[in-house]
Amino acid sequence: MTRYLLNRLGQALVTMLLVSFVVFAGIRAIPGDPALVMAGEDRSPEAIQAVRDQYGLDKPVILQYLIWISRAIRLDFGNSARTGVPVLDQIVSALPVTIELALLSMLFATVLGIATGTLAAVKRGRPAEWFANGLALLGLSVPNFWFGILLILAFAVAIPLLPASGFVPFGVSPLENLQRMILPAIVLGSGLSAVVMRQTRSGLLDSLSADYVRTARAKGLLGREVLVSHALRNSLITVVTVLGLQLGNLIAGAVVTEQVFTLPGFGKLTLDGVFQRDYPVIQAVVLLTSFAYILINLLVDLTYSVLDPRIRLAGGSR
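Using this note's numbering, the letters of the sequence shown correspond one by one to residues 7 to 324.
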């Protein structure tokens, strides 16, 4: 186990270095002089030279990269080219909103997806399966922006049960915070719940026909116990993989969802940085997003051994 962890951490470090180089090179490949953009409206020669000195833009590219990555390791991403506020402060302010939205979305997707996927597998060939499949197809087909507007019209305008937009921190008012996050979480989690449903159904059908399930039934175990403790637990391995790998879709979907519901989260920060050509913000956002991918994939791999004891990680005992 220890050897496996060290091996995966080494791979993660190499991946992060490659990603950082790609991010740095990609920003430098954008047409135009970054110093002119970051200088803002005051494009005097003195202001432009000050920006070049601050970010080392007048140095060789390799040296620029080394300066930038050394600062990034210390979480020093510089200041925003538009607002002048430290990028780290903007990220610290926006990230909790997106994390809460992602967690609520994953909770919604997991509960709905596993429930409907189990129903579709157990009631195979019956109307319940057709309903679950139709619900999954609807979740995959409906665009987030349209679904969000539809929910606002339904539950904030026609039936004013929930707020249409805005954000209230959880520490200020937990109830109002959840009221404002319910609709965005449903919108963002709808597509993921469809994927979870299909994967749960497929994995559960394979597990129900496996030898160990037939053996458990032959021993006289109750059908519910066989379903939950044996078949469903092993079929969740694929679901865990999907939830981990779908993190990127949640972040991508958060860009649109946060715009629709006016949430000051990571997605909105990313979109504003792209539209305003705020290079320090873009670099920091992409770098931290990549780090989140790598960390989630590592946690997913470690979760396999918990869900299925038959799986032994490299370096573990047999």
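From the three backbone atoms N, C-alpha and C, an ideal C-beta is built for every residue, glycine too.
None of the values given here were measured: they were computed from a predicted structure.
Whole-angstrom C-beta distance between residue j and residue i, which should lie under 8 angstroms
i      : j      : result
Ala87  : Pro286 : 6 angstroms
Gly273 : Glu264 : 4 angstroms
Ser171 : Gly209 : Rounded, the Cβ-Cβ distance is 38 angstroms, inconsistent with contact.
Ala41  : Leu63  : 5 angstroms
Ala134 : Leu125 : 5 angstroms
Tyr299 : Leu253 : 6 angstroms
Inter-residue spacing [alpha-carbon to alpha-carbon] between residue i and residue j
i      : j      : result
Ala100 : Gly145 : 27 angstroms
Thr247 : Leu143 : 20 angstroms
Ala31  : Val67  : 9 angstroms
Leu167 : Gly119 : 25 angstroms
Phe173 : Thr268 : 8 angstroms
Asn326 : Ile288 : What is shown of the chain runs 7 to 324, which leaves residue 326 out entirely.
Phe151 : Leu69  : 43 angstroms
Ile302 : Ser50  : 45 angstroms
Arg34  : Lys65  : 13 angstroms
Element boundaries [alpha helix (DSSP H), containing residue i]
i      : result
Leu81  : Counting along the chain, Leu81 falls outside any alpha helix (DSSP H), and DSSP gives it neither H nor E.
Pro102 : Val93 to Val128
Leu134 : The displayed chain sequence assigns Ala, not Leu, to residue 134. Its alpha helix (DSSP H) spans residues Pro133 to Ser147.
Lys274 : Phe272 to Phe281
Gly154 : Asn150 to Ile158
Cβ shell of residue i (< 8 angstroms), same chain only, five flanking positions each side left out
i      : result
Val261 : Gly273, Lys274, Thr276 and Leu277
Leu305 : Gly250
Ile155 : Val266
Ile97  : Phe83, Phe272, Leu275, Ala290, Val291 and Leu294
Arg77  : Phe83 and Gly84
Residue i, buried or exposed, once every other Cβ within 10 Å from all chains shown has been counted against 16
i      : result
Gly123 : buried
Gly177 : exposed
Val339 : A query on residue 339 cannot be resolved here, the shown segment of the chain reaching from 7 to 324 and no further.
Leu23  : exposed
Ser215 : exposed
Gln205 : buried
Leu15  : exposed
Arg132 : exposed
Ala320 : Its pLDDT being 47, under 50, Ala320 is placed unreliably by the model, and nothing is read from it.
Val91  : exposed
Chain-order list of residues whose beta-carbon lies under 6 angstroms from that of residue i (same chain, five-residue window excluded)
i      : result
Ala115 : Gly195, Leu198, Ser199 and Val202
Ala127 : Arg207, Leu210 and Leu211
Met187 : Leu110
Close-in-space but distant-in-sequence residues of the same chain around residue i (CB under 7 angstroms, 5 per side omitted)
i      : result
Thr104 : Ala260, Gly271, Phe272 and Gly273
Ile192 : Phe114 and Leu157
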